[in-house]
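Novice: Each residue of the sequence shown is one higher than the last, beginning at 4 in this note's numbering. Structure below; questions to follow.
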Amino acid sequence: MEREFKEIVGVLKEAKRRKYIHDFALTGALALSALTQPRATRDIDFIISVEKDRIPFFVEWLKSTKEYKLTKHHIGRRKDRIKDLVEVPLGSTWADMIVAYHEIEKEAVSTGITASAYKNLKIKVVRPEYLIVLKLLAGSPQDFIDGAHLWNEKIDRKLVRKMAEELYIDSKLKKLEATAKRF
4 MEREFKEIVG
14 VLKEAKRRKY
24 IHDFALTGAL
34 ALSALTQPRA
44 TRDIDFIISV
54 EKDRIPFFVE
64 WLKSTKEYKL
74 TKHHIGRRKD
84 RIKDLVEVPL
94 GSTWADMIVA
104 YHEIEKEAVS
114 TGITASAYKN
124 LKIKVVRPEY
134 LIVLKLLAGS
144 PQDFIDGAHL
154 WNEKIDRKLV
164 RKMAEELYID
174 SKLKKLEATA
184 KRF
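In structure tokens form, the structure reads like this:
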């Protein structure tokens, strides 16, 4: 997966240089691995900052290359948390590029920190505080476990509590805190 990861990061940097996207940050299991402890995953997750009307241009640019011609743009329903997702097959894995739609996602990209996901490859990664909140919003059992591991790191818990309260997910945060005590 390391080869595919380096390849897609290069593609995203080129997309940013060409102004197809504004910015991007690693999220999901690989972000967790870069910030705290390694976790197995089948895919590579990014949050990308892009204007809604630029998404088709970005997708077509990806599809124009032989390697990424199977790229798909999934449009969520109104009630779905993720409104736009660009899925890029990468050999034996794939990259999910979540389009930053909600303010919290936009902040997660803009406030990202530099970390190493693989040796000798520095990349912008969603800050642990934002990753916890994004995990709470997703809400799967694995997301709570991931968030609990991050909660036990040196993080700005006050910021996490503030964001959870603003997003009305403070009850989910309490559940995550209880999970974190078991580790």
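Positions of the beta carbon are idealized from the N, C-alpha and C atoms, including for glycine.
Taking contact to mean at least 3 C-beta pairs separated by less than 8 angstroms, is the stretch 62-69 in contact with the stretch 25-43?
Specialist: With a cut-off of 8 angstroms, the stretch 25-43 and the stretch 62-69 do not count as touching, because too few Cβ pairs lie within range.
Novice: Alpha carbons only, please: which of His-105, Ser-143, Val-89 is nearest the one belonging to Arg-81?
Specialist: Cα-wise, what sits closest to Arg-81 is His-105.
Novice: Please state the DSSP three-state secondary structure of Lys-165.
Specialist: Helix, per DSSP.
Novice: Compute the beta-carbon to beta-carbon distance between Ala-103 and Ile-47, rounded to the nearest angstrom, for a pair I have assumed lies under 8 angstroms.
Specialist: With a Cβ gap of about 17 angstroms, Ala-103 and Ile-47 do not count as contacting.
Novice: Check whether the Cβ of Ala-32 lies closer than 6 angstroms to any heavy atom of the ligand ZN, and answer yes or no.
Specialist: This structure lacks the ligand ZN, and indeed carries no ligand of any kind.
Novice: Once you ignore the five residues that flank Tyr-121 on each side, which residues in its own chain have a CB closer than 8 angstroms to its CB?
Specialist: Closer than 8 angstroms at the Cβ level, and outside the excluded window around Tyr-121, lie Glu-5, Phe-8, Lys-9.
Novice: Buried or exposed for Glu-156, going by 16 or more other Cβ atoms inside 10 Å?
Specialist: Flag for Glu-156 reads exposed.
Novice: According to DSSP, is Tyr-121 part of a helix, a strand, or is it coil?
Specialist: Note: Tyr-121 maps to strand in three-state DSSP.
Novice: Going by beta carbon distance, what residues of the same chain come within less than 7 angstroms of Thr-96, once the five residues before and after it are set aside?
Specialist: Excluding sequence neighbours, Thr-96 sits near Met-4, Glu-7, Arg-45, Asp-46, Ile-47.
Novice: If we ignore side chains and look at the alpha-carbon of each, how far apart do Ala-167 and Lys-72 end up?
Specialist: Going by the C-alpha atoms only, they are around 39 angstroms apart.
Novice: Mapping the DSSP letters down to three states, classify Glu-90 as helix, strand or coil.
Specialist: Strand.
Novice: Residues bridged to Val-53 by DSSP?
Specialist: DSSP lists no partner for Val-53.
Novice: Only counting runs of 4 or more residues, tell me where the alpha helix (DSSP H) segments fall wholly within the stretch 58-113, in order along the chain.
Specialist: As far as the stretch 58-113 is concerned, its whole alpha helix (DSSP H) runs of at least 4 residues are 58-66, 106-113.
Novice: On a Cα-Cα basis, can you pick out the residue from Glu-108, Thr-182, Thr-114 that is closest to Ile-126?
Specialist: The option with the nearest alpha carbon to Ile-126 is Thr-114.
Novice: Pull up the DSSP beta-bridge partners for Asp-146, would you.
Specialist: None; Asp-146 has no bridge partner.
Novice: Assign Thr-182 to one of three DSSP states: helix, strand, or coil.
Specialist: The answer is helix: DSSP assigns Thr-182 an H, G or I state.
Novice: Judging by CA-CA distance, which residue of Ala-111, Thr-39, Asp-83 is the nearest neighbour of Phe-49?
Specialist: Closest by alpha carbon: Ala-111.
Novice: Count the other C-beta atoms from every protein chain shown that fall within 10 angstroms of the C-beta of Gly-79, then say buried if there are 16 or more, exposed otherwise.
Specialist: Exposed, because fewer than 16 other Cβ atoms sit within 10 Å of the Cβ of Gly-79.
Novice: Tell me the DSSP secondary structure of Asp-204 in three-state form.
Specialist: There is simply no residue 204 to check, as the chain begins at 4 and stops at 186 in what is shown.
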